[in-house]
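The structure appears right after this line, and notes come after that.
Residue numbers (this note's numbering), protein chains in the order written: chain A, 1333 to 1615; chain B, 35 to 317.
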């Protein structure tokens, strides 16, 4: 800070508090709603302080015993699907990208440039622009309603490949030479030197990609056609199909809170890597 | 050896990216009969139909309004928060932690949260608006309200991202510049407009492009969860239209033509991002 101005300091805090309150309000409200009965919520205005039905709402949501007019599938199963797909996508992306970046940086081979550009161009082909044909590929390969269908098409990653490529380019040449002198082959060098050196990049990417995987919506909407393969993000949308009064909003909000918790935990507790990951992947 | 390393990435990219994209381009040039039995070359017929379709042009306009609002509002709000966060000495980490949480919330869940607050019959905010301001909120009937709702939810979700980038941008401005200005007698407001804001231009421009891309492609879930394109078709953005026409409507040629248009938009935005963000707008 350049100078001390009491009024400005107070104003700064006031703006920040206001900002935080507005940003946090939807989440707070969801939490409050998840602790009341659905009747209490439906009478406007709903209470603004937490009620005493926390436990039963969450249990009802997890086991699928809500009585809403929309979908009542058990959230426990959905959370599991989300977790498996998010982890597979994050780890898969990192593994696949590490290998490709390694090949692109440390090997000279024909068509290297072609592969580089092929991976680069995928940046310009998000799922949203090729919805129907991609769906057709998945159904032709009979990968609908499977973990493979939910994850594999999302595992290719141009950003991760470039991030690792940038990083590998900064690894000093001497390390490669030293490893070769000691008789290490390429895979040995990759496993014992390159991967350990990339630890921070891996952690940063993991945070970003885990959230990416967890929050996928359009893809699972296409690739999962039966309710028992819905991730929670898709499932919650199905739950609100009953309309304002038909929905069990307490159960829906309990589901929303549960759907937020895993990515929120990752972001908050891995904040340092998260910020690094955001900044790095956008270079 | 390098081929083996690249194999997984290249396999995924070709099967799930290039093949469907090629299919989309191919289909956009064909028409299918009503029973899906035969296809014929149609040249640019699909595109002609598309651009003479009032609903499609309307959707273009909706998308333009939506993405400009999301980008401008998101950037303005986050910049303000970041500037004040830069002044705050104590509690920065606390504010930052709370402000980054929306990033972790899935777009579909964010949509559900905002829908819940603004639901005309049970929403707390809708109730408050009517009770204290006599304002009858109904996004199910009024398309301006519906647009406001999706913009608010989309901006809320994106604040974290913009905020982190502005904070990083502000920190990278040399302290000596700001101090020199202060010694010359520039007040904080003046310092912001004459020094910090111009020096942030690269960040701002970068975020402008990113936010446009976000509004175009990543808000599908928000719209699907809140308004589902309604009332009527007033919040049907381009990506949403591809989805309804292709998956729900079964219009393969038309949907493919829309995909191709979207691809061109992504290509344009990506080129813009790489060509100009990195080079032109820097000091």
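No residue lacks a Cβ here, since even glycine has one placed at the ideal position from N, Cα and C.
Span of the beta strand (DSSP E) around residue i
| i | result |
| --- | --- |
| residue 64(B) | 64 to 66 |
| residue 74(B) | 73 to 75 |
Closest residue to residue i among the options (Cα-Cα distance)
| i | options | result |
| --- | --- | --- |
| residue 259(B) | 1391(A), 1552(A), 1559(A), 1568(A) | 1568(A) |
| residue 285(B) | 37(B), 73(B), 42(B), 52(B) | 73(B) |
| residue 1295(A) | 1548(A), 1345(A), 1349(A), 1532(A) | Any property of residue 1295(A) remains undetermined from this structure, which presents chain A solely from 1333 to 1615. |
| residue 1362(A) | 296(B), 211(B), 146(B), 51(B) | 146(B) |
| residue 125(B) | 1352(A), 1450(A), 1392(A), 1425(A) | 1352(A) |
| residue 1504(A) | 1517(A), 1526(A), 1380(A) | 1526(A) |
| residue 1605(A) | 1434(A), 1534(A), 1382(A), 1560(A) | 1534(A) |
| residue 207(B) | 194(B), 186(B), 234(B) | 234(B) |
| residue 54(B) | 1462(A), 1579(A), 1546(A), 1507(A) | 1462(A) |
| residue 89(B) | 242(B), 66(B), 267(B), 281(B) | 267(B) |
| residue 1410(A) | 1423(A), 1421(A), 1395(A) | 1395(A) |
| residue 140(B) | 119(B), 194(B), 223(B), 92(B) | 194(B) |
| residue 1384(A) | 1372(A), 1454(A), 1521(A) | 1372(A) |
| residue 205(B) | 119(B), 81(B), 100(B), 95(B) | 119(B) |
| residue 162(B) | 1553(A), 1611(A), 1378(A) | 1378(A) |
| residue 1368(A) | 1386(A), 1358(A), 1356(A) | 1386(A) |
| residue 242(B) | 202(B), 110(B), 91(B), 226(B) | 110(B) |
| residue 1543(A) | 1420(A), 1495(A), 1516(A), 1476(A) | 1420(A) |
| residue 1480(A) | 1465(A), 1519(A), 1416(A), 1509(A) | 1416(A) |
| residue 1509(A) | 1438(A), 1460(A), 1473(A) | 1438(A) |
| residue 1560(A) | 1346(A), 1470(A), 1404(A), 1418(A) | 1404(A) |
| residue 1475(A) | 1538(A), 1444(A), 1442(A), 1551(A) | 1551(A) |
| residue 1466(A) | 281(B), 231(B), 262(B), 299(B) | 281(B) |
| residue 307(B) | 253(B), 152(B), 245(B) | 245(B) |
| residue 1374(A) | 1579(A), 1557(A), 1516(A), 1610(A) | 1579(A) |
Contact check, residue i vs residue j, beta carbons under 7 Å
| i | j | result |
| --- | --- | --- |
| residue 1487(A) | residue 257(B) | no |
| residue 1564(A) | residue 1591(A) | yes |
| residue 237(B) | residue 199(B) | yes |
| residue 98(B) | residue 1595(A) | no |
| residue 192(B) | residue 248(B) | yes |
| residue 1425(A) | residue 1489(A) | yes |
| residue 1546(A) | residue 1414(A) | yes |
| residue 265(B) | residue 132(B) | no |
| residue 1536(A) | residue 1608(A) | yes |
| residue 62(B) | residue 294(B) | yes |
| residue 287(B) | residue 65(B) | yes |
| residue 1390(A) | residue 1586(A) | yes |
| residue 1448(A) | residue 1436(A) | yes |
| residue 107(B) | residue 189(B) | yes |
| residue 255(B) | residue 105(B) | no |
| residue 144(B) | residue 187(B) | yes |
| residue 112(B) | residue 250(B) | no |
| residue 1382(A) | residue 1364(A) | yes |
| residue 291(B) | residue 80(B) | yes |
| residue 1454(A) | residue 1540(A) | no |
| residue 16(B) | residue 1428(A) | Residue 16(B) is absent from the model: chain B starts at 35 and stops at 317. |
| residue 93(B) | residue 275(B) | yes |
Extent of the continuous alpha helix (DSSP H) run through residue i
| i | result |
| --- | --- |
| residue 179(B) | 177 to 205 |
| residue 92(B) | 88 to 121 |
| residue 1468(A) | 1463 to 1472 |
| residue 1443(A) | Note, residue 1443(A): premise wrong, no alpha helix (DSSP H); not H, not E. |
| residue 1562(A) | Run containing residue 1562(A): none; DSSP gives neither H nor E here. |
| residue 1520(A) | 1518 to 1521 |
| residue 131(B) | 126 to 138 |
| residue 1406(A) | From DSSP, residue 1406(A) is part of no alpha helix (DSSP H); its letter is neither H nor E. |
| residue 1371(A) | 1370 to 1374 |
| residue 1572(A) | First-last for residue 1572(A): undefined, no H or E at that position. |
| residue 43(B) | 36 to 47 |
| residue 1597(A) | 1581 to 1601 |
| residue 210(B) | 209 to 217 |
| residue 79(B) | 79 to 85 |
| residue 229(B) | Looking at the DSSP string, residue 229(B) is not in any alpha helix (DSSP H), and its letter there is neither H nor E. |
| residue 1348(A) | 1338 to 1365 |
| residue 148(B) | 141 to 152 |
| residue 236(B) | 235 to 251 |
| residue 1524(A) | Looking at the DSSP string, residue 1524(A) is not in any alpha helix (DSSP H), and its letter there is neither H nor E. |
| residue 258(B) | 254 to 260 |
TODO: Scan the segment 1481 to 1514 of chain A and note each continuous alpha helix (DSSP H) run of 4 residues or more that stays entirely inside, going in chain order.
DONE: Within the segment 1481 to 1514 of chain A, complete alpha helix (DSSP H) segments of at least 4 residues are found at 1490 to 1502, 1505 to 1513, given in chain order.
Open item on the list: I'd like the ranges of any alpha helix (DSSP H) spanning at least 4 consecutive residues and lying wholly in the segment 1533 to 1558 of chain A.
Closed with: The segment 1533 to 1558 of chain A contains these whole alpha helix (DSSP H) runs: 1550 to 1555.
Open item on the list: My parser needs the alpha helix (DSSP H) runs of 4 or more residues fully inside the segment 273 to 315 of chain B; what are they?
Closed with: As far as the segment 273 to 315 of chain B is concerned, its whole alpha helix (DSSP H) runs of at least 4 residues are 286 to 306.
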